[in-house]
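**Q** Adding 7 to a residue's 1-based position in the sequence shown gives its number in the numbering used here.
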Amino acid sequence: MSEEKSKTKQLKEELFLPAKKGIAAAAEDEISRADEFCEGYKDFLDNSPVEREAVEYSLQLAIENGFTEFEQDRYYNPGDKVYLVNRGKAIALAVIGKNGTKNGVRFSIAHIDSPRVDLKPNPMYEDNNLAYFKTHYYGGIKKYQWTVMPLALHGTVVKLDGTKVDIKVGVDESEPCFCITDLLPHLAREQAQKKLAQAIEGENLNVLIGSRPLNTEDEEGELVKLNVMKILNEKYGITESDFLSAELCFVPAQKSRDVGFDRGLIGGYGHDDKVCAYPALMAAIDTDVPECTCITYLTDKEETGSDGNTGMQSDFLRYFVYDLAKSDGEEGYRVLSKSKCLSADVNAAFDPIYASAYEPKNSSYINQGVIISKYTGHGGKYDTSDASAEYMGEIRSMLEKNGIMWQVGELGKVDIGGGGTIAKYVANMNVDVVDLGVPVLSMHAPFELISKVDIFEAYRAFHAFFNNL
Numbered sequence: 008m009s010e011e012k013s014k015t016k017q018l019k020e021e022l023f024l025p026a027k028k029g030i031a032a033a034a035e036d037e038i039s040r041a042d043e044f045c046e047g048y049k050d051f052l053d054n055s056p057v058e059r060e061a062v063e064y065s066l067q068l069a070i071e072n073g074f075t076e077f078e079q080d081r082y083y084n085p086g087d088k089v090y091l092v093n094r095g096k097a098i099a100l101a102v103i104g105k106n107g108t109k110n111g112v113r114f115s116i117a118h119i120d121s122p123r124v125d126l127k128p129n130p131m132y133e134d135n136n137l138a139y140f141k142t143h144y145y146g147g148i149k150k151y152q153w154t155v156m157p158l159a160l161h162g163t164v165v166k167l168d169g170t171k172v173d174i175k176v177g178v179d180e181s182e183p184c185f186c187i188t189d190l191l192p193h194l195a196r197e198q199a200q201k202k203l204a205q206a207i208e209g210e211n212l213n214v215l216i217g218s219r220p221l222n223t224e225d226e227e228g229e230l231v232k233l234n235v236m237k238i239l240n241e242k243y244g245i246t247e248s249d250f251l252s253a254e255l256c257f258v259p260a261q262k263s264r265d266v267g268f269d270r271g272l273i274g275g276y277g278h279d280d281k282v283c284a285y286p287a288l289m290a291a292i293d294t295d296v297p298e299c300t301c302i303t304y305l306t307d308k309e310e311t312g313s314d315g316n317t318g319m320q321s322d323f324l325r326y327f328v329y330d331l332a333k334s335d336g337e338e339g340y341r342v343l344s345k346s347k348c349l350s351a352d353v354n355a356a357f358d359p360i361y362a363s364a365y366e367p368k369n370s371s372y373i374n375q376g377v378i379i380s381k382y383t384g385h386g387g388k389y390d391t392s393d394a395s396a397e398y399m400g401e402i403r404s405m406l407e408k409n410g411i412m413w414q415v416g417e418l419g420k421v422d423i424g425g426g427g428t429i430a431k432y433v434a435n436m437n438v439d440v441v442d443l444g445v446p447v448l449s450m451h452a453p454f455e456l457i458s459k460v461d462i463f464e465a466y467r468a469f470h471a472f473f474n475n476l
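#1: Judging by CA-CA distance, which residue of Gln-261, Asn-84, Leu-91, Glu-58 is the nearest neighbour of Ile-70?
#2: Could you give the first and the last residue of the continuous alpha helix (DSSP H) run that contains Phe-323?
#3: Among Gly-111, Asp-352, Leu-52, whose alpha-carbon lies nearest the alpha-carbon of Ser-344?
#4: Are Lys-141 and Tyr-151 closer than 8 Å when you measure CB to CB?
#5: Quick one: what's got a C-beta closer than 7 Å to Ala-99's C-beta in the same chain, skipping five residues either side?
#6: For Lys-175 versus Thr-317, is the C-beta distance shorter than 8 Å?
#7: For Gly-444, list the residues DSSP reports as bridge partners.
#8: Between Asp-87 and Asn-474, what straight-line distance do the alpha-carbon atoms span, to the nearest angstrom?
#9: Using the beta-carbon count (16 or more within 10 Å), is Leu-255 buried or exposed?
#10: From the DSSP output, which residues share a beta bridge with Cys-348?
#11: One question on the structure: do Ile-373 and Leu-448 come within less than 8 Å of each other, judged by their Cβ atoms?
#12: Can you pull the DSSP bridge partners for Cys-186?
#13: Take Tyr-432 as the anchor and find which of Asp-293, Glu-309, Asn-93 has the nearest alpha-carbon.
#14: Less than 8 Å between the beta carbons of Thr-383 and Gly-146, yes or no?
#15: Would you call the CB atoms of Gln-261 and Pro-157 closer than 8 Å?
#16: Check Asp-173 in the structure and name its three-state DSSP category.
#17: Tell me whether Ser-404 counts as near the ligand NAD, meaning its Cβ is closer than 7 Å to at least one heavy atom of that ligand.
#18: Inspect the beta-carbon positions of Ile-292 and Asn-72 and report whether they are closer than 8 Å.
#19: Could you say if the stretch 331 to 348 and the stretch 415 to 423 meet the contact criterion of at least three C-beta pairs nearer than 8 Å?
#20: Count the other CB atoms within 10 Å of the CB of Ala-32; is the residue buried (16 or more) or exposed (fewer)?
#21: For my contact list, Gln-320 and Gln-375 are in at a C-beta cut-off of 8 Å; report their separation, rounded to the angstrom.
#22: Looking at Ser-392: is its Cβ nearer than 8 Å to the Cβ of Pro-446?
#23: State the DSSP-derived secondary structure class of Met-8, mapped to helix, strand or coil.
#24: Could you check the C-alpha separation between Phe-463 and Glu-63 for me, to the nearest Å?
#25: Where does Gly-228 land, buried or exposed, given buried means 16+ other C-beta within 10 angstroms?
#26: Where does the unbroken beta strand (DSSP E) through Phe-257 begin, and where does it stop?
#27: If you draw a straight line from the alpha carbon of Ser-39 to that of Asp-461, how long is it in whole angstroms?
#28: For Cys-283, name the three-state secondary structure that DSSP assigns.
#29: For Asp-179, which residues in the same chain have their Cβ closer than 6 Å to its Cβ, ignoring the five residues on either side in sequence?
#30: Hey, out of Val-235, Ala-355, Tyr-365, Tyr-82, whose CA is closest to Asn-106's CA?
#31: According to the neighbour-count rule (16 or more other Cβ atoms, all chains shown, within 10 Å of its Cβ), is Val-296 buried or exposed?
#32: Going by other Cβ atoms of all chains shown within 10 Å of its Cβ, with 16 needed for buried, is Pro-367 buried or exposed?
#33: Check Gln-414 in the structure and name its three-state DSSP category.
#34: Of all Cβ atoms in chain C, is any one closer than 8 Å to the Cβ of Tyr-365?
#35: Buried or exposed for Tyr-365, please, with buried defined as at least 16 other CB atoms from any protein chain shown within 10 angstroms of its CB.
#36: Under three-state DSSP, which class holds Asp-265?
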């Protein structure tokens, strides 16, 4: 009988999906390498809360590592590294391959925008001797999570004469921060009876920015607002009308932190999707002379549908590929048709506290490596790209060959929700694509959680993909 069990066990091992051991099977030196890699990531995360700053930080790293600005109609040699910035809010980095673009290019594409609270075009007002900014939230947020926490102001103002002014206040602890207030529990009985999504209304996400009136003998109104405006004018040279041509937003003021006694996790704002953008960026930086030209593209506007000239639905990336193809004497559309892409985006990590929202057999888990999402979208596979069996097989083979920890999963139960990525827009260019990224706990919250090991495995995956390993 024991022999029969032994044969049965052997057959199971041959035919069943193998159990994923994840971090438990990782060597100590690999975990140490992950920890070291994540020190650079934390710097990236803390310096890239909004897309303009993410582009600036990425550009700085790229230039330090030999990338130069792309020039049209110039021939590039294998191993040359070039970048092209789109309006300060998206950036493409290419490493020219031995075969140029004739066999297609390899894309790794991530987005660098994250859910936040934007200022309205005409934001400033005073009410009962308190000054506020009116806001319009950006992307999918739980509005209650953004109240009663320190916020920092980031963004750019363009004045009437065309002068551009960058603003960043609240990052350093010596600087003032800002806050959205909430109702105290003693007066919140009616609020507590509302549905969670309605307890805090979008129009009430007003940020407190001042409380002291301008010291004057004139009996004028709006003196708190005037005092705040005077401070802004003295420091930045702007007037209230300049808000009409500004991109300003509030993000959490805290920096990223190690989480847990074992320091295995990183908590911070903007893991979605900078936890994929950084390893994709570093994979390009660490690639020398690949077979095919490799492109890391960090794009904007994913959280609001990828529309606009800096989003993935823009033709910017397509035109960049066409220019690269032209220098090789190739047709751009043919290059795209032979190209392959890893859409570098996150997925929801299984949270045992909220287990009822997940389907355990098809969920991703912390410390189990990168997650492949064959499709995203929502019930009925709407609004998604569904990767082909052939391409799934190719990526599986690459991960296995390189000993990279990986898993597959969906975004929760079929009829509960879902979400989208940029993969469908890449697929629309006739490019083979699948989502590969990092599992995230508390996704879209002001303080998200990721595993250090998972982000390092993402870097290993993108690097292997670029280098045909």
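Every residue gets a Cβ at the ideal spot worked out from N, C-alpha and C, and that includes glycine.
**A** Put simply:
#1: Leu-91
#2: Unbroken alpha helix (DSSP H) run through Phe-323: 323 to 334.
#3: Gly-111
#4: no
#5: Excluding positions up to five away in sequence, the list reads Tyr-90, Leu-91, Ile-302, Tyr-304, Leu-324, Phe-327.
#6: no
#7: In DSSP, Gly-444 forms a bridge with Ile-378.
#8: Their Cα atoms are separated by approximately 15 Å.
#9: buried
#10: Phe-114, Val-440
#11: yes
#12: For Cys-186, which the question treats as bridged, DSSP gives the partners Leu-215.
#13: Glu-309
#14: no
#15: yes
#16: DSSP places Asp-173 in strand when its eight states are reduced to three.
#17: In the structure on display, the ligand NAD does not appear, and there are no ligands present to speak of.
#18: Cβ distance < 8 Å, so Ile-292 and Asn-72 count as in contact.
#19: no
#20: exposed
#21: Going by Cβ atoms, the distance from Gln-320 to Gln-375 rounds to 32 Å, so no, they are not a contact pair.
#22: no
#23: In this prediction, Met-8 has a pLDDT of 49, which is less than 50 and means its spatial position is unreliable; what the coordinates show is noted afterwards. Coil, per DSSP.
#24: 23 Å
#25: exposed
#26: 253 to 259
#27: 13 Å
#28: Helix.
#29: none
#30: Tyr-82
#31: exposed
#32: exposed
#33: For Gln-414, the secondary structure class from DSSP, reduced to helix, strand or coil, is strand.
#34: No chain C appears in this structure, which consists of one protein chain only.
#35: buried
#36: Three-state DSSP puts Asp-265 in a strand.
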